[in-house]
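Notes follow the structure.
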Amino acid sequence: MRIVIIDDSGLRATVLEEGLREAGYDDIHIVPPRGAFVARLERMAPDVVLMDLGSPSRDTLEEMLTVSRALARPIAMFVDQSDEAMIGAAIDAGVSAYVVDGLRKERVKPVLELAVRRFNAFAKIQAELDEARTALSDRKIIDRAKSILMNQRSLTEQDAYALLRSSAMNQGKRIVDVAQALITASDLLGGGL
Amino acid sequence: MTSNLKIAFLPLNDAAVLVAARERGFAEEEGLALDLVPTTSWATLRDRLVYGQVHAAQMLAPLTVAVTLGLSQQPAALAAPYKLNVNGNMLVMATDFAKALEQNVAARLADPLGTAHDFAAAIGLWRRKPVIGVVHRFSSHALMLRYWLASAGIDPDRDVVLRVLPPSLTVEAMRAGEIDGFIAGEPWGTAAVEAGLAETVAIGERIWQRGVEKVLAFREAWMEENPDTVDRLLRALAKAALWCDDPANHPALADLLSDPRYVDQPADLILRALSGQIVARAGEAAIASPDFMLFSREATPFPWRSQALWIYSQLVRWNMVEHDAATAAKAAAVFRPDIFRRALADSDMPMPGASMKVEGAVDLPLAVGSRRGELTLGPDRFFDGRVFDPERIDDFLAGFAAPR
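Chains as they are written, first to last, in my numbering: chain V, 1 to 193; chain D, 194 to 597.
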């Protein structure tokens with residue numbers, strides 16, 4: 001069974017491909033939805049095409065599936081239209097799938113389930129990365145606020161941090177918000193670093 | 194009690210009425226909280242509606258017919274009881290390509306028939322078969338483009354390449370040379386003109402003066418099960434549409450739409466189409482086109498069944514569906530003037546007495562029979578002077594040369 005993954009994000013496609021290979025599928029190709037991707041896809045004659053539901057290139061792909069001569073057999077979205085739970089899970093995870101008509105449901109369903117799991121796993125990784133990035137920039141802001149306090153009020157680093165933390169607690173705010181307010185105020189008053 | 198409604202949309206000026214209903218309090222007045230769900234492709238918008246992830250969607254009118262007829266993936270009975278706007282598209286082509294056309298752009302736009310013939314000549318001069326972007330096979334834009342090209346003897350399936358891509362990717366595809374032009378809703382054509390990549394070649398309103406465009410689509414079953422919510426939504430949209438049509442509100446509307454949650458393009462570009470001031474070539478004066486896009490006047494939102502049938506006639510013409518009486522009836526039934534009448538029975542909206550009309554027969558503003566209020570229909574001519582009588586689809590189809 002030949003599976004093509006159309007995806008712009010290298011990481012998500014890799015996460016999905018790995019999962020499929022572990023499950024024993026070995027005829028897997030990744031095609032980014034750019035330029036002449038439709039022509040490439042036609043040459044590959046896939047049995048299953050998996051694509052991010054949020055990809056703006058879905059209309060382009062569907063048009064190809066409608067008019068293509070290389071893909072003689074009609075292709076249908078999702079495996080089993082009556083399987084609403086599966087469809088709901090796929091849409092929630094952001095998976096869209098196109099399957100060569102006539103391919104047996106039992107053969108395709110595991111692929112789709114795996115894609116849903118892997119897309120969800122990828123979304124989780126993405127969220128963690130975003131969180132890590134935010135944490136990093138939060139730390140920079142707090143560091144800058146600390147050095148303002150150290151310079152202007154001759155505090156030690158430890159005391160500067162303690163002051164930020166107690167202000168935050170008193171105001172019911174996050175330390176990073178208090179730090180940001182301090183930086184803004186300091187900039188406005190021309191006392192910046 | 195407030196009802197929450199999820200409505201999917203694509204980033205286009207055509208989202209104006211939905212956005213205004215939410216942001217200017219019209220939905221709230223009717224006890225509705227609108228959750229507007231942005232989508233990046235018509236395929237995803239369709240899937241979200243068909244599989245019940247949203248309650249309603251801002252949909253291409255021909256796509257509602259196509260999904261109902263089972264022509265676009267999973268068949269589903271859709272219903273369109275309200276038109277969100279009439280017209281609003283334009284065709285732009287690469288500046289080099291446009292050199293072979295009438296150079297006075299105002300004259301070019303004023304004479305779509307002459308421009309179509311110039312376009313036919315320009316095809317032979319171009320370095321390849323021109324690749325024209327369309328947003329979807331089942332879009333009003335694609336159907337109008339085909340209609341316009343064919344009037345000059347151009348076979349849209351043979352003489353040009355129609356490439357499907359979503360509106361938000363059109364400008365980048367122009368820049369990359371993947372397409373030579375495109376027809377899309379605003380502000381995407383204007384954005385390509387402003388970037389110096391393209392010139393306006395034709396505008397939808399000069400091809401069909403009152404061309405059907407986006408509709409509010411529901412799953413038919415859900416619409417029938419929730420009459421009260423549907424009626425409240427239609428009333429909110431009718432009020433929002435009246436607000437959107439008022440020229441005094443256009444700058445505020447453009448500001449609303451420019452928000453990253455909606456169209457995410459500069460307000461001044463969005464404003465051009467709203468106010469009917471079309472810049473056809475970068476740096477030139479705007480060309481006044483006051484009927485470029487309508488939301489409310491002339492009972493614009495009324496879903497004339499004859500317009501669903503016009504769409505059907507074009508699907509037949511381009512071999513997208515087999516013609517028979519049962520299919521035609523199914524297509525016509527997608528537009529739901531009965532729901533429109535029920536929802537807006539006590540409003541100020543002028544209410545047409547009929548549900549069908551001959552399309553393309555009105556030359557000058559025409560007062561017509563209405564159940565309430567004064568209803569004047571604006572000129573609705575097709576640029577080639579044809580009229581579409583919904584009772585005589587076969588004659589209409591026979592009037593086009595058979596595909597070669």
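Each residue gets a CB set at the ideal place from its N, CA and C atoms; glycine is no exception.
How should D/Glu-552 be labelled, buried or exposed, when 16 other C-beta atoms within 10 angstroms of its C-beta is the threshold for buried?
Here the question's residue 552 of chain D lines up with position 359 in the second sequence. By the neighbour-count rule (16 or more Cβ atoms within 10 Å), D/Glu-552 is buried.
Taking DSSP as the reference, what is the three-state secondary structure of D/Ala-201?
Locating residue 201 of chain D in the second sequence gives position 8, counting from the first residue. It is a strand residue.
How about D/Gly-326 and D/Ala-366: are their beta carbons less than 8 Å apart?
Walking along the second sequence from the start, residue 326 of chain D turns up at place 133. Walking along the second sequence from the start, residue 366 of chain D turns up at place 173. Yes; because the gap between Cβ atoms is below 8 Å, this pair is in contact.
Distance CB(D/Ala-433)-CB(D/Ala-273) smaller than 8 Å
Position 240 of the second sequence, counting from 1, holds the residue named residue 433 of chain D. Position 80 of the second sequence, counting from 1, holds the residue named residue 273 of chain D. At least 8 Å separates the beta-carbon of D/Ala-433 from that of D/Ala-273.
What separation, rounded to the nearest whole angstrom, lies between the Cα atoms of D/Ala-591 and D/Ser-540?
Counted from its first residue, the second sequence places residue 591 of chain D at position 398. Counted from its first residue, the second sequence places residue 540 of chain D at position 347. Between the alpha carbons of D/Ala-591 and D/Ser-540 lies a gap of roughly 41 Å.
Of all the options D/Leu-502, D/Asp-577, D/Gly-578, which has the alpha carbon lying nearest to the alpha carbon of D/Met-549?
For the purposes of this step, residue 549 of chain D is taken as residue 356 along the second sequence, with counting starting at 1. Looking at the Cα atoms, D/Leu-502 is the closest of the given residues.
Does any residue of chain D have a CB that is nearer than 8 Å to the CB of V/Arg-2?
Looking up residue 2 of chain V in the first sequence gives position 2. Cβ-Cβ to chain D under 8 Å: no for V/Arg-2.
Work out the CA separation of D/Ser-499 and D/Leu-545 for me, nearest whole Å.
As a working note, residue 545 of chain D is residue 352 in the second sequence. As a working note, residue 499 of chain D is residue 306 in the second sequence. The displayed chain sequence assigns Pro, not Leu, to residue 545 of chain D. D/Pro-545 and D/Ser-499 have their C-alpha atoms some 13 Å from each other.
Continuous alpha helix (DSSP H) stretch holding D/Asn-282: start and end
Counted from its first residue, the second sequence places residue 282 of chain D at position 89. Per DSSP, D/Asn-282 lies in no alpha helix (DSSP H); the unbroken beta strand (DSSP E) holding it starts and ends at 282-287.
Is the region 477-496 of chain D touching the region 568-577 of chain D, taking contact as three or more C-beta pairs under 8 Å?
Short answer: they touch.
Could you give the DSSP three-state label for D/Gln-152: helix, strand or coil?
Any question about residue 152 of chain D goes unanswered here, given that chain D covers just 194 to 597.
Which value, in whole angstroms, describes the spacing of the CA atoms of D/Gln-402 and D/Asn-280?
Counting from one through the second sequence, the residue named residue 402 of chain D turns up at place 209. Counting from one through the second sequence, the residue named residue 280 of chain D turns up at place 87. In this model, D/Gln-402 and D/Asn-280 are separated by some 8 Å (Cα to Cα).
Could you tell me the distance, in whole angstroms, from the CA atom of V/Leu-155 to the CA atom of V/Gln-126?
By one-based count along the first sequence, residue 155 of chain V stands at place 155. By one-based count along the first sequence, residue 126 of chain V stands at place 126. Roughly 39 Å between the two C-alpha positions.
Check whether the region 339-352 of chain D and the region 256-270 of chain D are in contact - that is, three or more C-beta pairs closer than 8 Å.
The region 339-352 of chain D is not in contact with the region 256-270 of chain D.
Counting only Cβ pairs nearer than 8 Å, list the residues of chain D close to V/Leu-53.
Position 53 of the first sequence, counted from the first residue, corresponds to residue 53 of chain V. What V/Leu-53 touches in chain D: Thr-237, Asp-240.
Evaluate contact between the region 356-374 of chain D and the region 261-278 of chain D, counting only Cβ atoms and requiring at least three cross-stretch pairs below 8 Å.
Short answer: they don't touch.
Among D/Ala-201, D/Leu-203, D/Arg-330, D/Arg-217, which has the Cα closest to the Cα of D/Leu-435?
Along the second sequence, one-based indexing puts residue 435 of chain D at 242. The candidate whose alpha carbon is nearest that of D/Leu-435 is D/Arg-217.
How would you call D/Asn-278, buried or exposed, if buried means at least 16 neighbouring beta carbons within 10 angstroms?
Your numbering for residue 278 of chain D matches position 85 in the second sequence. D/Asn-278 sits buried, since 16 or more C-beta atoms from the chains shown fall within 10 Å of its C-beta.
Which residues bound the alpha helix (DSSP H) around V/Phe-119?
As a first step, residue 119 of chain V must be located in the first sequence, where it is residue number 119. That run of the alpha helix (DSSP H) goes 105-153.
Please classify D/Leu-409: is it buried, with 16 or more other beta-carbons within 10 angstroms of its beta-carbon, or exposed?
Start at 1 with the first residue of the second sequence, and residue 409 of chain D comes out as number 216. Under this definition D/Leu-409 is a buried residue.
Strictly under 8 Å for the Cβ-Cβ distance: is V/Thr-134 near chain D by that measure?
Counting from 1 along the first sequence, the entry for residue 134 of chain V is found at position 134. The beta-carbon of V/Thr-134 is placed no less than 8 Å from the nearest beta-carbon of chain D.
Tell me which same chain residues have a C-beta within less than 7 Å of the C-beta of D/Pro-305, skipping the five on either side of it?
Translated into positions along the second sequence, residue 305 of chain D becomes position 112. Cβ neighbours of D/Pro-305 beyond the five flanking positions: Trp-341, Ala-395, Arg-399, Ile-400, Phe-576.
Output yes or no for whether 8 Å exceeds the beta carbon distance between V/Ala-115 and V/Leu-16.
The residue you call residue 115 of chain V lines up with position 115 of the first sequence. The residue you call residue 16 of chain V lines up with position 16 of the first sequence. Result yes, Cβ atoms of V/Ala-115 and V/Leu-16 sit closer than 8 Å.
Assuming V/Met-51 contacts V/Ile-6 (C-beta within less than 8 Å), just tell me the rounded distance between them.
Taking the first residue of the first sequence as 1, we reach residue 51 of chain V at position 51. Taking the first residue of the first sequence as 1, we reach residue 6 of chain V at position 6. Right, their Cβ atoms sit about 4 Å apart.
Using only the alpha-carbon positions, how far apart do D/Pro-444 and V/Arg-133 sit?
Locating residue 444 of chain D in the second sequence gives position 251, counting from the first residue. Locating residue 133 of chain V in the first sequence gives position 133, counting from the first residue. So the alpha carbons of these two residues sit roughly 38 Å apart.
Helix or strand or just coil, what does DSSP make of D/Pro-496?
Numbered from its first residue, the second sequence carries residue 496 of chain D at position 303. When secondary structure is reduced to three states using DSSP, D/Pro-496 falls in the coil class, being assigned neither helix nor strand.
Those runs of the beta strand (DSSP E) which lie wholly inside the region 284-371 of chain D and span at least 3 residues:
324-327, 354-357, all fully within the region 284-371 of chain D.
What does V/Pro-56 reach in chain D if we use C-beta pairs closer than 7 Å?
What you label residue 56 of chain V is simply residue 56 of the first sequence in a count that begins at 1. Those within 7 Å of V/Pro-56 in chain D are Thr-233, Ser-234, Pro-359, Ser-361, Leu-362.
Please look up how many angstroms separate the CB atoms of D/Asn-282 and D/Leu-450, rounded, as I've assumed it's under 8 Å.
Locating residue 282 of chain D in the second sequence gives position 89, counting from the first residue. Locating residue 450 of chain D in the second sequence gives position 257, counting from the first residue. Wrong, their Cβ atoms sit about 16 Å apart, outside the cutoff.
Would you mind stating whether D/Val-354 and D/Val-324 have Cβ atoms separated by less than 8 Å?
As a first step, residue 354 of chain D is located in the second sequence; it is residue number 161 there, counting from the start. As a first step, residue 324 of chain D is located in the second sequence; it is residue number 131 there, counting from the start. Note that the C-beta distance between D/Val-354 and D/Val-324 is below 8 Å.
Anything in chain V within Cβ reach of D/His-329, meaning under 7 Å, just list it in chain order.
In the second sequence, the residue the question calls residue 329 of chain D occupies position 136. The contacting residues are Asp-59.
Taking 8 Å as the threshold (beta carbon to beta carbon), is D/Glu-371 in contact with chain V?
Position 178 of the second sequence, counted from the first residue, corresponds to residue 371 of chain D. Taking Cβ atoms only, chain V reaches closer than 8 Å to D/Glu-371, which makes this a yes.
One or two residues paired with D/Gln-251 in a DSSP bridge
Here the question's residue 251 of chain D lines up with position 58 in the second sequence. Answer is D/Leu-409, bridged to D/Gln-251.
Let's test the definition: count the other Cβ atoms within 10 Å of the Cβ of D/Pro-359 and tell me whether it reaches 16, buried, or not, exposed.
The residue labelled residue 359 of chain D in the question sits at position 166 within the second sequence. Result: buried.
Using 8 Å as the threshold, is the C-beta distance between V/Pro-32 and V/Ser-55 below it?
Residue 32 of chain V sits at position 32 when you count from the first residue of the first sequence. Residue 55 of chain V sits at position 55 when you count from the first residue of the first sequence. No. Outside cutoff.
Any C-beta of chain V sitting closer than 8 Å to the C-beta of D/Pro-596?
Sequence index remark: in the second sequence, residue 596 of chain D carries index 403 (1-based). Summary for D/Pro-596: the model assigns pLDDT 49, below 50, so the residue's position carries little reliability; its value from the coordinates is reported in the next sentence. No, D/Pro-596 does not count as interfacial toward chain V.
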